[in-house]
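Residue numbers (my numbering), protein chains in the order written: chain A, 24 to 425; chain B, 24 to 425; chain C, 218 to 448; chain D, 218 to 448.
No residue lacks a Cβ here, since even glycine has one placed at the ideal position from N, Cα and C.
Quantities reported herein were computed from a predicted structural model and do not represent experimental measurements.
Have a look at the structure below, then the notes.
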Amino acid sequence: GTLAAGAASAAEGNPANLPPNTPEWAKSLGPGVIEEAYGTRSRHETAVRRYVPWLTQDRQSSVSFTPLAEMHGIITPSGLHFERHHGGVPDVVPADWRLMIHGLVERPLQFTLEDLKRLPSVSRIHFIECPANGGMEWRGAQMSGVQFTHGMLSCSEWTGVPLKALLAQTGLRPNASWLLAEGGDASLMTRSIPLAKALDDVILAYGQNGEAVRPQQGYPVRLVVPGWEGNVWIKWLRRIELGDRPWYHREETRHYTDLMPDGRARKFTFVNEVNSVITAPCPEKPLRGKPGFVEITGLAWSGVGRITRVDVSVDGGDSWRSAQLQEPVLGKALTRFRIPWEWQEGQRAFLQSRAMDETGRVQPTMATLRKARGVESIYHKNAIHTWLVEPDGTVVNVQIDA
Amino acid sequence: GTLAAGAASAAEGNPANLPPNTPEWAKSLGPGVIEEAYGTRSRHETAVRRYVPWLTQDRQSSVSFTPLAEMHGIITPSGLHFERHHGGVPDVVPADWRLMIHGLVERPLQFTLEDLKRLPSVSRIHFIECPANGGMEWRGAQMSGVQFTHGMLSCSEWTGVPLKALLAQTGLRPNASWLLAEGGDASLMTRSIPLAKALDDVILAYGQNGEAVRPQQGYPVRLVVPGWEGNVWIKWLRRIELGDRPWYHREETRHYTDLMPDGRARKFTFVNEVNSVITAPCPEKPLRGKPGFVEITGLAWSGVGRITRVDVSVDGGDSWRSAQLQEPVLGKALTRFRIPWEWQEGQRAFLQSRAMDETGRVQPTMATLRKARGVESIYHKNAIHTWLVEPDGTVVNVQIDA
Amino acid sequence: QPGGDRAALYRPFPLPQGGGAAGPFAAWPAPPGAAEALPRPIAGIGRPASPQEIAGWDIDVRGDGEGLPPGRGTVKDGEELFVQQCAACHGDFGEGLERWPALIGGRGSLNTDQPRRTIGSYWPYAPPVFDYIRRAMPYATPMTLSNEEVYALTAYVLHLNELLPEDAELDAEKLKAIRMPNREGFVLEARPDTPDEACMSGCRQGRPVTVTMDSRQFVQPGSDSGFSEPQ
Amino acid sequence: QPGGDRAALYRPFPLPQGGGAAGPFAAWPAPPGAAEALPRPIAGIGRPASPQEIAGWDIDVRGDGEGLPPGRGTVKDGEELFVQQCAACHGDFGEGLERWPALIGGRGSLNTDQPRRTIGSYWPYAPPVFDYIRRAMPYATPMTLSNEEVYALTAYVLHLNELLPEDAELDAEKLKAIRMPNREGFVLEARPDTPDEACMSGCRQGRPVTVTMDSRQFVQPGSDSGFSEPQ
Ligand code: HEC
Ligand code: HEC
Ligand SMILES: [Ca+2]
Ligand SMILES: [Ca+2]
Ligand SMILES: [Ca+2]
Ligand SMILES: [Ca+2]
Ligand SMILES: [Ca+2]
Ligand SMILES: [Ca+2]
Ligand SMILES: [Co+2]
Ligand SMILES: [Co+2]
């Protein structure tokens, strides 16, 4: 018994470190405290953001994807938060950062970062998703894993000042109904936001997962627009102008509008609707060599509130079981779901998840979504996603008849 | 008006980047996506872990502190998580990592990291606190800021396998009542844990804030023992032995016992009791030059459950107002509290916070705590902490008569 | 509103009086209760922004042309500037090189299965062309052109799209007057637009699962679709 | 239990029959419902640990001496090893150099205002001295000593603490038999031990605030107490 076990271990690791031997790291001191005054991850960890070269001409106006298959829980490590820039990442000097608020206000004001940090603050755990997440799948399955089908998605604890606290400083003219938010990057990104949302739950965030917002996410200050498409979460925010109508800028006409089969496009489609995806098993986390118990796990989210239920099917949507939702289930935040399953070598399976939110919205099938919107709307694809498990345990991105 | 304003801005930043001028970063492209496939923070951010040289002979058996004054929300960025090692940080090769569970079990087993990740998992947001946190203050105020008075404290989203799921694999002998958890570092750190806790909420965590547990926090696997003193959250876990009594090892006799004035010491004092501290203002975040509105904010926590109330006093405990608690308020997790205040230059103030938990425990004053335990118990100091605000806005760590 | 209360979650804005009929540039009403939603202001935080400070940053041009600066530029001047500063990416005639975006073409394509969204085919209003060129182009050195130059470039780009004659000169009033081909091409958000069905068993009613699309025709399962190093 | 249900939160373990009177090494009862608390096991995850594999890692020695290996060592051999491998930090006589820990002294100090916790003054049981030296010492090269060497070192350290004569030889039985001076020095967790009071106003009853201790006598407010670079 012992010898056989030894041989098995040797196949998997260095026997010198395995029982009954004392591993080398138990026989010598490692580095002490503040070896890293600001720490990094283990050199053995390799999860990375990835980009897709054929999607964009360059990397300045481009996107990189969160490796969702490697994530645990609901918090996205900031180092792996997906990126979406239109002119690269500006190196904003915090002492030179200013926020200007003007237009239909009583008192046009500017704020330093220090000013912002003195105002009343809130912290909220919210997902952010690019509305083009999964956009490559409208016509059919073409990406190799969950990093690319759903990886323009992250969730952080954001801390900052409610936008309404800033609008209290400037006052509002009675006819103010929309605002323009403008970034300070090379694209001076702009989006129009209805005032009702601004007064509801929008935050000017300087904190992300306990520390300063990362440069790729808008350092020093970005908008957090809970539940709404990532593009309106203006990064490197520099200006807010109040107005009495939307601006119809390039990013809310040419982009981020949803083209329907009749050639007309829907505008102001802000909300990321109820959605979910299984993050394990998935193409990056196949079942090869692991027959038996499988914990199916994934993420669900909705831009209008809490997730109330996630159903999982292993037979392509014929039968469903409701998964367990990890508490705390927070509004407009990722929700982790888990459900046990048995898989045997030689078994083919079609894994799907279907989320529901507190407003009763249910994730549609790809067929239903196509029936409603065709295949050219790019944005807001929230269809039920299918992973094919092959008899050998390989997991494949496929689409099926429903 | 305009010229004066320009002069004022110049004092604070580079006028070339301030309104009405277009900042340089809006006029040139920054680096694109995956410039950092695994991202780091802004080069302008400087918060760091710090150690106190006189506390320990070397940095291998030592401690470094979380810069709490720089934190936002409740999640601690993993790069700033406090450290406490007894033999430095081992570089555990994940393929060579094994967990052995034996002793009073039905089936002694060993697990690879892969095995662990296949088992049912949970995610929980919990604080971890070294029971020696604030230990330097038993005799009197002697540290210069909240990083040192309370910085052996962090809060993360931990993901892993409930210990009871592993004990289900091995089975339990009917007489098992305690277990020994053993780390794989150079100190082969051991602690005895009562089985009741093990079956309640203990987790073997491989995930921390969405990614792998950091080396300094026990990579690849550490124990998470919610609400209990950090030392029992064994890092670099390698072995769990079930027994029918505690082991009385060095770290649960020589250390982590609480010496009372009569010369006897309390043993098995696991819980970190209800506690809180104001993290701004604090010595690192003085009020100098910032008269007027102040948002007092801080953290509260309890090892037995949820925080239900935090009161704040600015007059050394004569009068108190209840602060706002940031939702979600989670059990055995940090809870952020906030309360508005007005401070005028020339005003002296004594800031204090006092937390209560769902079991009705209330933070004692330092005097009450000393009356119960003297000044030599090192651990589990959870007294109400006092910051003196000087007339010029300097904030000082003091102790007062109560 | 169609869809009732739930639709309001997706369209949290009161529409202009008369709705779409009021035209795209009617003022939109303020949301009810806006003033009361504000907390009390806090003294001493924030500094007045002077008109001059605002002027430097207030560069936006609205869909209706509000915000257009004084100045003018000709198609001819625009052509020269375009060749020098823009054609390397967008092509001499705005046709788009490599995968840099095209600024022309696609008219009539929007309801086909190969829709092409360009200024000529998709942008509903002309003034935002000025706005976007000024704030974001040339791509690597934005905010370096004068307003005159931006007018000229806007004129040339609109000319390439057959929306201005070769000898035209453009200023604020003329730019506002241009009627873009896709001006009527936008409708409001219409979600929720799928049923809320959650069948639990026998949902396929005996139909076997058919794979309609398999990503392996493009890529192997794993991480083949992308890279963590520049390609 | 004193303190009622709430005390159980701080001491979540049933005590041995007879409580403290049963002596420190009585078996403790299993918590009620342990077996039922376990979920169902999952087939195929985890590999049997063989007795030989366990033997290599099962190095712990309990307070009562369970787990002590065969073997023996003398104070005399221990002294030689100690001088070579330990004295650089702990001093020739275990007195502790610089701020490396002392292994002797402090007896009678525990109820004074300068308590010193050492093996002689504080450790309640002797076998964990063997356990700790074996698992963690010498500090920079732990787990490199033979069991014989650890017995010898344990013997020497106990001799330094006047708990073994100079000519003694130590083995498992003799180590178990040693009665440490502070054997009776530990009591159970006794919290909650402070009142739950939360006065809201007039709490100081007119007494002005007196500062009893000001950290500025040691350090300036800020981050002076510590460093982010090795000192
Ligand atoms: C180095 C390449 C490059 C140069 C040079 C360049 N552009 Fe662009 N242009 C781009 C890219 C890339 C985008 C899309 C940016 C994005 O959306 O993130 C773009 C977008 C545009 C658009 C919007 C097209 C649409 O339909 O959305 C216009 C208009 C435009 N450019 C005009 C110009 C003009 C005028 C110039 C010269 C003054 C210019 N560009 C120079 C790369 C370039
Ligand atoms: C390079 C310095 C160094 C050397 C050499 C060294 N030690 Fe230690 N010893 C330490 C440190 C540091 C600790 C405390 C470690 C901790 O708690 O994190 C310690 C703790 C101890 C303790 C526990 C004391 C107590 O009361 O907690 C014993 C016993 C001990 N050492 C014995 C030995 C023996 C025997 C040797 C030689 C075989 C040895 N040490 C060699 C540094 C050293
Ligand atoms: Ca604040
Ligand atoms: Ca949209
Ligand atoms: Ca799992
Ligand atoms: Ca303790
Ligand atoms: Ca404007
Ligand atoms: Ca043992
Ligand atoms: Co875009
Ligand atoms: Co210790």
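Could you work out which residues of chain A lie near residue i, taking near to mean beta carbons separated by less than 9 Å?
i      : result
C/I259 : R141, L142, P143, A188, A191, Q192
Rank the options by C-alpha distance to the C-alpha of residue i and give the top, closest one.
i      : options                        : result
A/E68  : B/L189, B/A118, B/I401         : B/A118
C/V404 : C/E270, C/S445, C/P341         : C/P341
A/E152 : A/I362, A/W324, A/I330, A/R273 : A/W324
B/E58  : A/A378, A/K313, A/S84, A/V128  : A/S84
B/P113 : B/P243, B/A406, B/T409         : B/P243
B/R371 : B/A39, B/T409, B/M389, B/E205  : B/T409
C/S363 : C/P249, C/A243, C/A251, C/G273 : C/G273
D/P400 : D/A225, D/S338, D/T329         : In the sequence as displayed, the identity of residue 400 of chain D is Arg instead of Pro. Selected option, being the one with the closest Cα: D/S338.
B/I401 : D/C306, D/D330, D/E366         : D/D330
B/E368 : B/P314, B/P306, B/S376         : B/P314
C/S432 : A/P43, A/A39, A/I423           : A/I423
A/P238 : A/P43, A/I124, A/H108, A/W161  : A/H108
C/G402 : C/R334, C/S267, C/G250         : C/R334
Quick one: which chain A residues come within Cβ less than 8 Å of residue i?
i      : result
D/T361 : K50
D/S338 : Correct list: empty, because the minimum Cβ distance to chain A is about 27 Å.
Please list, in chain order, the chain D residues whose beta carbon lies closer than 8 Å to that of residue i.
i      : result
B/G427 : Residue 427 of chain B falls outside the range modelled here, since chain B spans only 24 to 425, and no answer is possible.
A/F316 : I259, A260, G261, I262
A/P351 : In chain order: nothing, as chain D lies at least about 22 Å away.
A/I57  : F444, S445, E446, P447
Please check the pair residue i and residue j, which I expect to be a contact at CB under 8 Å, by giving their CB distance rounded to whole angstroms.
i      : j      : result
B/G328 : B/D380 : 5 Å
C/P344 : C/V278 : 5 Å
B/T391 : D/T411 : 5 Å
B/E47  : B/A70  : Contact doesn't hold; Cβ gap of about 26 Å is too wide.
B/A221 : B/L186 : 5 Å
B/S51  : A/H95  : Between A/H95 and B/S51 the Cβ distance is about 38 Å, and since that is not below 8 Å, they are no contact.
If the cut is a Cβ gap below 7 Å, which residues of chain A does residue i touch?
i     : result
B/M94 : G233
What in chain D is Cβ-close to residue i, meaning under 9 Å?
i     : result
A/A39 : Within chain D, no residue comes near A/A39; the closest Cβ sits about 12 Å away, beyond 9 Å.
B/R82 : P447
Based on the DSSP output, what are the partners of residue i in its beta bridges?
i      : result
B/G149 : Residue identity differs from the one stated: residue 149 of chain B is His in this sequence, not Gly. B/H149 pairs with B/S179.
A/I423 : C/V428
A/I263 : A/I124, A/A204
So with CB distances below 7 Å, who are the chain C contacts of residue i?
i      : result
A/L132 : G263, R264, P265, A266
A/E255 : Residue 255 of chain A is actually Val in this sequence, not Glu. Under the 7 Å cutoff, chain C gives no residues; its nearest Cβ is about 13 Å from A/V255.
A/V419 : D431, S432, R433, P438
Please compile the residues from chain B whose C-beta is within a distance smaller than 9 Å of the C-beta of residue i.
i      : result
A/K313 : E137, R141
D/F230 : S200, W201, P217, L218, A219, K220, P269, F291
Starting from the beta carbon of residue i, find every residue of chain D whose beta carbon is closer than 7 Å, and list them in chain order.
i      : result
B/D285 : N328
B/Y74  : G443, F444
A/A60  : S445
Run through chain B and tell me which residues come within less than 7 Å of residue i, C-beta to C-beta.
i      : result
A/G250 : Neighbours of A/G250 on chain B: none; closest Cβ ~17 Å, over 7 Å.
Residues, ordered as in the chain, of the stretch 241 to 275 of chain D that lie near chain A by beta-carbon distance below 8 Å: I259, A260, G261, I262, R264, P265, A266, S267, P268, Q269, E270, I271, A272, G273, W274
So if I threshold CB-CB distances at 9 Å, which residues from the stretch 297 to 315 of chain D count as touching chain A? none
Residues from the stretch 204 to 222 of chain B in contact with chain A, defined by Cβ distance under 8 Å: G207, D208, A209, L211
Quick one: which residues of the stretch 320 to 334 of chain B get their C-beta closer than 9 Å to a C-beta of chain A? List them in chain order. T320
Of all the residues that make up the stretch 427 to 444 of chain C, which are near chain A by a beta-carbon distance shorter than 7 Å? T427, V428, T429, M430, D431, S432, R433, F435, V436, Q437, P438, G439, S440, D441, S442, G443, F444
Could you list the residues in the stretch 103 to 126 of chain B with a C-beta less than 9 Å from some C-beta on chain A, going in chain order? Under the 9 Å Cβ criterion, the stretch 103 to 126 of chain B contributes L103, H104, F105, E106, R107, H108, G110, G111, V112, P113, D114, V115, V116, P117, A118, D119, W120, R121, M123.
Compile a chain-ordered list of the residues in the stretch 292 to 309 of chain B whose CB is closer than 7 Å to at least one CB of chain A. none
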